[in-house]
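Novice: One structure, as structure tokens, below. Some questions next.
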Amino acid sequence: MAEIVQNAPERSDDRTARERMMAALRSRTALGLALLLTLAVFWLLGQQQGATLSEMLSLTVWGVMLGGIIALGAIGLTLVYGVLKFPNFAHGELVTLGAYGALTFAAVLPMGPPMLPFSFGWELVAALILTMPAVSLIALAVDRVLFRPLRKRVASLVLFAMASLAAAFFLRSAIYLVWGSDFLFYYPGRANPAIDFPLDIRVQADQLFVFGLAVVLVILTWFLLERTRMGKAMRATANNPDLAQVRGINTERVIAWTWILGASLAAAGGVMYGLASQLRPEMGFWLLLPMFAAAIVGGLGSPVGAIAGAIIIGVAQQVSSAFLNPAYGPGVAFILLVIVLVLQPQGLFGQGGE
Amino acid sequence: MNGADLARAAFLFLPLVLLGLLVLPGRTALRVPLALIAAAVVALALPLLLPRGVLTYLASFSTMAGIYAILCLGLNSQWGLTGHVNFGIAGFFSIGAFTSALFTTTMPQGALAAYSQQLFGLGWPFMAGILMAGVVAAAAGFLVSIPVLRLRTDFLAIATLGIAEVIRFIFQNERWLANGPQPMRGIPRPFDCVFADPACSWLPAGVARWVAPLAPRDYVFLYLVIVALILAVVFLLLERISRSPWGRLQRAIRDEENSAAMYGKNVTLRRIESFVLGSFIMGVAGAVYAHYVVSIDYSHFNPLFATFIVWVMVMLGGSGNNKGAILGAFAVWGVWSGAAFVIDVLSPALQAISPDLPSRGAYLRWMLVALLLGLIVLFRPQGIIQERKKVSDFISDGRS
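Those sequence lines, one after another, are chains A and B.
Going by the numbering used here, the first residue of the first sequence is number 32, and it counts up by one from there.
Going by the numbering used here, the first residue of the second sequence is number -12, and it counts up by one from there.
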């Protein structure tokens, strides 16, 4: 008996120490460290499989570029989540629509010579600019038909999620019907040689273009959100929709602009992804998991977080391909997603609490 | 009426009795004889009225719809009862299918071993395979539920979608596990020696003479009986469970989680239990599917066929209502199968719109199912048959 009594305070001390440790584990810094540690482990595993330093560096650089593409989708996802408060499972299809839309526009436009060192001509840039508003219109139409009636009824989150799933399968079947299930390329058979960089890093000119454009679009989005009235209204609505409405912000207008911004970025991401690999109807669904992972790693509702999350996810996916079948890429994104959900569901930049 | 028709009628009898018990109203004492008589009449009439091809199609349609109904019941015990949004049905379905395949097949021998790999093959009987499928799927559900079930609804939906994709990647890429991207073939059909020429030795002579006019292609009639029995067992189990104190607690957690926790109930544990139960049922459905189609590969378990359509079925039939789940399964599978005929008929018109369109007609069915879900969400989110808000058998709910 005496022993137990003696032990009791020690045990409770032990518990508080454990609690303190758990609390520390759940902090944002710890989350960032855990993610970095995961990347470091991936890097070491890759080197153990015999990948050289320059190969690993190349993979990392490609990962940052993939991250740029994922970021474009993830920003839209996180904005829609912030303003409309539901996970939009149809966002991947907006990416696919963007890619195929640009294909159709580029086919209509007269084909120019390739703008060296890139593999594409001016018509793809024009098609990119045309496809962004086109996909925005589709997103607005889906919102009008599906989500607005649900908003009017103040439907539950699950119904919104189901509706977005229905929209995803509807749009994907439309893509299959219009463009078929074959793999397509913007410029089949056109060479796109890699450029050599110091440290034996090899990057294609197109990849550089994709990354540069992603950076420009991200900066524009940041400017829009931070410096314009509509951006402020958007952030206000995301923070507190009722208060925003009381203060005279037209919520429906904000929602419309959220769709336009999110869909445009997703469409641009789709074109870039199609340029970097190939076009297939499942490409958006394939990107959906990394996009969700990026948005959650960064903290749902935070555009800055989505960018940071996207780069982490992109690097993790590419670096892991040094020791893992590349088909598992979305699986790797999913593992990071689970780590974040378990440690700190608010993510790196999300707002704490509900 | 010849012997073959009579034998088919005999096989149809039991599923029809179960159907009658499900749909007929009234007290048990009245329902049972009524269902027996009605089933006997219909079972004898069907082979006479319908040509053999149509009858066989009807049987295989009902078999597939029955398998989907088991899946729907599994989802209903997660979503209808406790409110878990599981967008990863395909994952548990495929685990069940591949597990049962591994347990019931034997290791490939000789030249075949070069083409076909699998982790193990024990050659166990059908029922053991089904049980193991349920157990392994439930174990997977348990592992998944620990990190994931504490999450909010929206995170749960995303996480389960991811889990199903990861499971599909594993079955697609790991050759050693279940023959990688190639299909796993030769999954044994239970009791298929019944239709072999010298019928199984254990079959009583009278029964053997009875089924002698049927050929192996009539196997689907036997499998329909098996599916109907398993469906009935799962249905009765879930009906019993959802009326029990445990089921009431699950609904309490679904509707008012904080109140349930305030009454001293272990909310997390109960949520895990219902998730595991649903995973078990989905695993069983996977096994039943694997033994029906004989050859399975990863592509069978894509999000459309194995997750999305099941959600449409449960939403249409009525979330939280087991009868509704079965009705939804048959209705949506009817729409899905019927659309194939309609698209076939329409194919000249599609040809006129675009020469590519007829070959892509299958995707019109996707569109139709997606539209159906959109319409349900917009206009009747509670489904055809609403959940019965009955607290206890001992308290009248005001209607009787």
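Idealized CB from N, CA, C, for every residue including glycine.
Only a predicted model underlies this, so the values are computations on that prediction, with no experimental measurement involved.
Entirely within the stretch 135 to 178 of chain A and at least 4 residues each: give me those alpha helix (DSSP H) ranges in chain order.
Specialist: Here the runs fully enclosed are 153 to 173.
Novice: Give a yes or no on whether the C-beta atoms belonging to B/THR69 and B/ARG241 are separated by under 7 Å.
Specialist: Yes, Cβ-Cβ distance for B/THR69 and B/ARG241 is below 7 Å.
Novice: Since A/VAL234 sits in a beta bridge, which residues does DSSP pair it with?
Specialist: DSSP lists A/ILE226 as partners of A/VAL234.
Novice: Can the beta-carbon of B/LEU211 be found closer than 7 Å to that of B/THR93?
Specialist: It is not a contact, given that the beta carbons lie outside the stated cut-off.
Novice: In whole angstroms, what separates the C-alpha of B/LEU358 from that of B/ILE117?
Specialist: Cα to Cα, the separation comes out at about 34 Å.
Novice: Report the rounded CA-to-CA distance for A/LEU171 versus A/LEU202, giving the unit in angstroms.
Specialist: Their Cα atoms are separated by approximately 13 Å.
Novice: Tell me where the alpha helix (DSSP H) around B/HIS287 begins and ends.
Specialist: No alpha helix (DSSP H) holds B/HIS287; DSSP gives it neither H nor E.
Novice: Please report the distance separating the alpha-carbon of B/ARG196 from that of B/LEU3.
Specialist: Taking the straight line joining both Cα atoms gives about 23 Å.
Novice: Whose C-beta lies closer than 6 Å to the C-beta of A/LEU368 among residues of the same chain, with five residues either side of it excluded?
Specialist: Only ALA324 and ILE327 meet the Cβ criterion.
Novice: Check each residue of the stretch 211 to 226 of chain A: if its Cβ is closer than 9 Å to any Cβ of chain B, include it; give the result in chain order.
Specialist: Within the stretch 211 to 226 of chain A, the residues whose Cβ lies closer than 9 Å to some Cβ of chain B are GLY211 and SER212, listed in chain order.
Novice: How about A/GLY293: is its C-beta nearer than 7 Å to some C-beta of chain B?
Specialist: A/GLY293 does not count as touching chain B.
Novice: If we define contact as Cβ-Cβ less than 7 Å, is B/LEU138 a contact residue for chain A?
Specialist: Closer than 7 Å: yes.
Novice: Any idea what DSSP makes of A/SER43, helix, strand or coil?
Specialist: At A/SER43 the pLDDT is 48, less than 50, meaning the model places this residue with poor confidence; the figure from the coordinates comes in the next sentence. DSSP places A/SER43 in helix when its eight states are reduced to three.
Novice: Considering just the uninterrupted stretch of the alpha helix (DSSP H) at A/TRP93, what are its terminal residues?
Specialist: From DSSP, the alpha helix (DSSP H) with A/TRP93 extends over 84 to 115.
Novice: Output the residue ranges of the alpha helix (DSSP H) runs that lie fully inside the stretch 133 to 192 of chain B and measure 4 residues or longer, sorted by chain position.
Specialist: Whole alpha helix (DSSP H) segments, 4+ residues: 140 to 160 and 162 to 165.
Novice: Please work out which residues of its chain come closer than 7 Å, Cβ to Cβ, to B/ARG18, disregarding the five sequence neighbours upstream and downstream, and give them in chain order.
Specialist: Closer than 7 Å at Cβ, skipping near neighbours: LEU8 and LEU11.
Novice: Show which residues of chain A have a CB atom less than 7 Å away from the CB atom of B/ASP141.
Specialist: Simply PHE117, PRO118, LEU188 and ALA192.
Novice: Using a Cβ cut-off of 7 Å, pull out every chain B residue sitting near A/TYR304, in sequence order please.
Specialist: Chain B residues near A/TYR304: none, gap ~18 Å exceeds 7 Å.
Novice: Using a Cβ-Cβ cut-off of less than 7 Å, give me the residues of the stretch 354 to 366 of chain A that come near chain B, in sequence order.
Specialist: Against chain B - using a Cβ distance shorter than 7 Å - the residues of the stretch 354 to 366 of chain A are ASN356, ALA358, TYR359, PRO361, GLY362 and PHE365.
Novice: Mind checking which residues open and close the alpha helix (DSSP H) that includes B/LEU358?
Specialist: 349 to 366 is the span of the alpha helix (DSSP H), which, as asked, contains B/LEU358.
Novice: Let me know if B/PHE(-2) comes out buried or exposed under the rule of 16 or more other beta-carbons within 10 Å of its beta-carbon.
Specialist: Looking at its Cβ environment, which holds 16 or more other Cβ atoms inside 10 Å, B/PHE(-2) is buried.
Novice: Specify whether the stretch 81 to 96 of chain B and the stretch 242 to 250 of chain B touch according to this definition: at least 3 beta carbon pairs, one from each stretch, less than 8 Å apart.
Specialist: Touching, no.
Novice: Beta-carbon separation of B/LEU236 and B/ILE57 under 7 Å?
Specialist: For B/LEU236 and B/ILE57, no; Cβs fall outside 7 Å.
Novice: Of all the options A/ALA197, A/ARG179, A/ALA192 and A/PRO180, which has the alpha carbon lying nearest to the alpha carbon of B/ARG139?
Specialist: B/ARG139 has its Cα closest to that of A/ALA192, out of A/ALA197, A/ARG179, A/ALA192 and A/PRO180.
Novice: Taking Cβ to Cβ, would you say A/ALA105 is nearer than 7 Å to A/ALA341?
Specialist: In this structure, A/ALA341 lies closer than 7 Å to A/ALA105 by Cβ.
Novice: Starting from B/ASP205 and walking both ways along the alpha helix (DSSP H), at which residues does that stretch end?
Specialist: Per DSSP, B/ASP205 belongs to no alpha helix (DSSP H) and is neither H nor E.
Novice: Between which two residues does the alpha helix (DSSP H) containing A/VAL185 stretch?
Specialist: First-last for A/VAL185: undefined, no H or E at that position.
Novice: Is the beta carbon of B/THR147 closer than 7 Å to that of B/PHE74?
Specialist: In this structure, B/THR147 lies closer than 7 Å to B/PHE74 by Cβ.
Novice: Which same chain residues, not among the five before or five after B/TRP163, have their C-beta less than 7 Å away from its C-beta?
Specialist: GLN104 and LEU106, listed in sequence order.
Novice: Per the DSSP calculation, A/LEU215 is bridged to which residue(s)?
Specialist: In DSSP, A/LEU215 forms a bridge with A/LEU310.
Novice: Please state the DSSP three-state secondary structure of B/LEU118.
Specialist: Three-state result, B/LEU118: helix.
Novice: At a cut of 8 Å, does the stretch 133 to 140 of chain A reach the stretch 272 to 284 of chain A through at least three beta carbon pairs?
Specialist: The answer is no - the stretch 272 to 284 of chain A does not touch the stretch 133 to 140 of chain A, with fewer than three Cβ pairs under 8 Å.
Novice: Please state if the CB of B/ASN308 and the CB of B/GLU374 are separated by a distance shorter than 7 Å.
Specialist: Yes. Within cutoff.
Novice: Does DSSP classify A/LEU331 as helix, strand or coil?
Specialist: Coil.
Novice: Counting Cβ pairs closer than 8 Å, one from the stretch 201 to 221 of chain A and one from the stretch 350 to 357 of chain B, do we hit at least three?
Specialist: Contact between the stretch 201 to 221 of chain A and the stretch 350 to 357 of chain B is present, because at least three Cβ pairs lie under 8 Å.
Novice: Given that B/GLN159 touches chain A, what residues does it touch there, using C-beta distances under 8 Å?
Specialist: Near B/GLN159 (Cβ distances below 8 Å), the residues of chain A are ALA358.
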